[in-house]
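Taking it in order: structure first as C-alpha cells, then the write-up.
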Amino acid sequence: MESNEKIVKAKQKMAQHRREFSCREVDGPQDDRLPEGQHVVNNFPVLDLGYKPKIDLSEWTLTIDGLVSNPVTWTWEQFQAQPVSQVHADFHCVTTWSMLDNDWTGVKFQHVLEVACPLPSAKFILFESYDDYTTNLPLEVCDDDDVLLTTHWKDRPLSNDHGGPVRIIVPKRYAWKGAKWVKKITFLDRDQKGFWEVRGYSNTALPWENDRYA
Ligand SMILES: Nc1nc2c(c(=O)[nH]1)N[C@H]1C(S)=C(S)[C@@H](COP(=O)(O)O)O[C@H]1N2
Ligand SMILES: [Mo]
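Read in order, the letters of the sequence shown are residues -11 to 202 in the working numbering.
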C-alpha cells in the first residue's frame, strides 16, 4: 500500500497547487476536438491507485442497489445476457492527456435504469470498484446514451489494467468519473463524494469547462 499512498499524495498535491496557480494550467493547441489544457496521446495510458484487482469471471458480480425498485446482482453470465451497445467517443484524463476516437462496447447505463427502476427519490449514483475506488455522479448525468458499462475497447476485451472485465465510461466527464473494475452501482438521494472528489478534484469534472479542481 506504500506506492498507493505516494500516488495519492502526489495527485492531491497537484490539485492543491493547480488550484492556487490556475493561470499556469492552459497550454496545448486549441481546436474543436481538444479541451483547454489537453494534449493528444496515441497510446492508452494506465492510471490507478497502484493496485489492479484481478477478478476471476466465475467470482465476478455487479450489484445495482440503493433506491431502486428492482435491486439486482448480475453474475458474469447474466451480465453477458444484457443488450450490447457501442459508443464512439474521446477520453479526457485530468492529468492532461486525451485519447481520441475510441470505440467502446458494453451495456448502456440507460439499460441499467430500465432494469433497476430507480425510485423518484434517487438523484445520485455512487460507483464502487474492486480496488475500493469510488466515484460519484448525479443520476441525470448517467442517464445519457453514451454512458457505458464497458467490456471492450476497439473490439478487444478490456485488459485488466484498463479495468476489465467491466469499467464505466462517461465520455462527457474527465476519465476519473469512470470506475474501472466496477463492483457496485448504488442509487442515493444525497450526493456522496468519491475517492478523488474528496481529495481536491472537481465534483462536476467537465473537460470542456476546464473544470478540474474543487
Ligand atoms: N477502480 C478504479 N477506477 C479508476 C481509477 C482507479 O484508480 N480505480 N482511476 C481513474 C482515473 S484517475 C483515470 S484517469 C482512469 C484511467 O483509466 P485507464 O487506466 O484505463 O486509462 O480511470 C479512473 N477509474
Ligand atoms: Mo485520472
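Positions of the beta carbon are idealized from the N, C-alpha and C atoms, including for glycine.
Between the beta-carbon of L137 and that of G94 there is about 5 Å, and that keeps the pair under the 8 Å contact cut.
For M87, the beta-bridge partners assigned by DSSP are F79. Just measuring C-alpha positions, the residue of R178, S46, A167 sitting nearest K111 is R178. For T123 against E185, the beta-carbon gap comes to about 7 Å, under 8 Å, which counts as contact.
A residue is called buried once 16 or more other Cβ atoms fall within 10 Å of its Cβ, and S46, having fewer, is exposed. Within the same chain, V82, R161, Y162, W164, K165, D199, R200 come within 8 Å of A193 by CB-CB distance, once the 5 residues on both sides are set aside. With contact defined as three or more Cβ pairs closer than 8 Å, the segment 98 to 106 and the segment 34 to 41 are not in contact. When secondary structure is reduced to three states using DSSP, N198 falls in the coil class, being assigned neither helix nor strand.
Inter-residue distance for T174 and L50 is about 11 Å (C-alpha atoms, whole angstroms).
When only Cα atoms are considered, Y189 and P145 end up about 30 Å apart.
Assigned with DSSP and collapsed to three states, W62 falls in strand. Listed in chain order, the non-local C-beta contacts of H80 below 7 Å within the same chain comprise P23, Q26, S86, Y162, A163, P195, local neighbours out to five positions each way being set aside. CA-CA distance, K172 to H76, rounds to 25 Å. Inclusion of A167 and F97 in the CB contact set at 8 Å is not warranted, their separation being larger than that value.
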